[in-house]
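Just so you know, we're using this note's numbering here: the sequence shown kicks off at 795 and counts up by one.
Just so you know, even glycine gets a beta-carbon here, dropped at the ideal spot from N, CA and C.
Here the structure comes first, spelled out in structure tokens, and everything after it is commentary.
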Amino acid sequence: MDFIYLIDIKISFGIMTAIICIIIFVLFILNIDLCKVASFEALYFFIQTLFPTLFPFSVLTSILIKTNLSEYIGKIFNRPANYLLKMPGHSVFVIFISALAGFPTGAKLTTLLYNTGEISKSQAEILCSMSNMPSLAFMLFIVGQYSLGSIWYGLSIWFIIFFSTIISGYLLNIKNKNNLYNNIIKLNIQKRSILYHINKSIIDSMFLMINICALIVFFACIIAIINNSNLPLYSKNVITSLLELNNGVSIINSQYCTNNSIKYIIICTVCAWSGLCVHMQIYNVMSENDLSCKKYFLSKFICTLFSFILSTLIVLIKK
């Protein structure tokens, strides 16, 4: 009976997904001109802003992983990371780079470590929960300077999200025992030349960029259709903020709120959630490497809640 019930759930979910896809397809056809404009704007944004930042970081960090730098860092930070995070020392490198470069660097580096046998599957799923957050540059300049008038506000939100991300991942990993690093079974990876690693890193990073670009264009079209609909302005703002991070921050800055304290809390919460577009990017990276995303999505809910609470406390204390 339980098996039949699960089959019914899967069939119902499949039918619901098919209906949603058909609806989106029809909306795209009915709003083809609007989608064209949104696609070109999204492509321009990606080429002008995201690609120059993400691509070099993606290539360089991939080379560092494949040339075993992470193994040396893992040995140095193994004990403190094991004690504080209940994770192997490699996690320090991944979290640090992800905090600087932003999405989806953490997921990409985690899967590289997983595929080379330096972390286990369960550790990879937890590390993806701990290492995916907005980039420092985005928080300082787009959120801080542009939206809130000072890079210090952006830096404080970045610290809140960083802390909340680590804590949410730790809470999901709290039952694991220490000495995890010593239990890893290294795979027998064939050694390659540095030129091979450079070439492979460039190719892999380019495929990742294409994936990110496609998702950004897709969600840009959906957001354009929503903004052109007859929905109330408040509903449009909430939906688009949940779908895409950059658009959400822009809307909050331009029309959603004039009170800086409330704006600070809302932007912090939106940035902690990061948007469905970002989650789809990370989901694609993880699912291609046979990693479950359940802990990642749960950690994002916990991180968003923590960020809302901490930002509210900071605003209350400041008053």
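Got a sec? Which residues, its chain only, sit under 7 angstroms from residue i by beta carbon, not counting five neighbours each side?
i, result
"serine 958", "Ala1066, Cys1097, Phe1100, Ser1101 and Leu1104"
"phenylalanine 932", "Gly896"
"serine 1010", "Rather than serine, the amino acid found at residue 1010 in this sequence is isoleucine. The answer, listed in chain order, is Ala836, Phe840 and Cys1071."
"isoleucine 913", "Pro882, His884, Leu907, Leu921 and Ile978"
"leucine 1092", "Leu966"
"isoleucine 954", "Cys1062, Ser1101, Leu1104 and Ser1105"
"phenylalanine 851", "Ala895 and Thr899"
"tyrosine 1028", "none"
Can you list, in chain order, the residues of its chain whose CB lies under 6 angstroms from that of residue i, leaving out five sequence neighbours each side?
i, result
"leucine 894", "Leu930"
"leucine 974", "Interpretation of leucine 974 is limited by its pLDDT of 47, a score under 50 that renders its predicted location unreliable; the figure taken from the coordinates is listed afterwards. Taken in chain order, the residues that qualify are Pro882."
"isoleucine 1076", "Pro898, Ala901 and Asn926"
"asparagine 967", "Lys880 and Ile920"
"lysine 860", "His991"
"isoleucine 809", "none"
"alanine 1014", "Ala832 and Ala836"
"isoleucine 996", "Val853"
"alanine 918", "Thr904, Tyr908 and Leu1085"
"cysteine 1087", "Tyr1077 and Met1080"
"asparagine 825", "Ile1019"
"asparagine 1005", "Asn1078"
"tyrosine 947", "Gly938"
"cysteine 1007", "Phe840"
Taking the CB atoms as reference points, tell me whether residue i and residue j lie closer together than 8 angstroms.
i, j, result
"glycine 900", "asparagine 872", "no"
"phenylalanine 935", "isoleucine 945", "yes"
"isoleucine 1061", "valine 1032", "no"
"leucine 942", "asparagine 1054", "yes"
"isoleucine 1019", "leucine 858", "no"
"serine 923", "lysine 1089", "yes"
"valine 1079", "threonine 905", "yes"
"leucine 903", "threonine 855", "yes"
"serine 1068", "leucine 1039", "yes"
"glycine 938", "leucine 949", "yes"
If residue i and residue j are in contact, beta carbons under 8 angstroms, what's the gap, nearest whole angstrom?
i, j, result
"leucine 1037", "isoleucine 1016", "7 angstroms"
"serine 999", "valine 888", "That belief does not hold up - the Cβ atoms of serine 999 and valine 888 are roughly 16 angstroms apart, past 8 angstroms."
"phenylalanine 834", "methionine 1003", "So it is not a contact: roughly 18 angstroms between Cβ atoms."
"histidine 1073", "lysine 1094", "7 angstroms"
"threonine 1034", "asparagine 1024", "That belief does not hold up - the Cβ atoms of threonine 1034 and asparagine 1024 are roughly 15 angstroms apart, past 8 angstroms."
Put residue i into one of helix, strand or coil per three-state DSSP.
i, result
"aspartate 1084", "coil"
"lysine 880", "coil"
"phenylalanine 1102", "helix"
"leucine 1009", "helix"
"proline 928", "coil"
"asparagine 1024", "coil"
"glutamate 912", "coil"
"proline 898", "coil"
"isoleucine 968", "coil"
"asparagine 1031", "helix"
"serine 923", "helix"
"glutamate 835", "helix"
"threonine 861", "coil"
"serine 1068", "coil"
"asparagine 1040", "helix"
"glycine 943", "coil"
"asparagine 1078", "helix"
"serine 987", "coil"
"asparagine 1053", "coil"
"asparagine 825", "coil"
"isoleucine 813", "helix"
In chain order, what residues of the same chain have a beta carbon less than 8 angstroms from the beta carbon of residue i, not counting five sequence neighbours either side?
i, result
"lysine 915", "Tyr908, Asp1084 and Leu1085"
"isoleucine 867", "Gly883, His884, Val886 and Phe887"
"isoleucine 960", "Leu879, Ile889 and Met924"
"isoleucine 870", "Gly883"
"isoleucine 1059", "Phe1102, Ser1105, Thr1106 and Val1109"
"serine 892", "Thr899, Gly900, Leu903, Ser925, Asn926 and Met927"
"aspartate 827", "none"
"aspartate 802", "Interpretation of aspartate 802 is limited by its pLDDT of 49, a score under 50 that renders its predicted location unreliable; the figure taken from the coordinates is listed afterwards. Contacts found: none."
"phenylalanine 845", "Met1003 and Cys1007"
Check whether the Cβ of residue i sits closer than 7 angstroms to any heavy atom of the ligand GTP, and report yes or no.
i, result
"leucine 837", "Ligands displayed in this structure: none; no statement on the ligand GTP is therefore possible."
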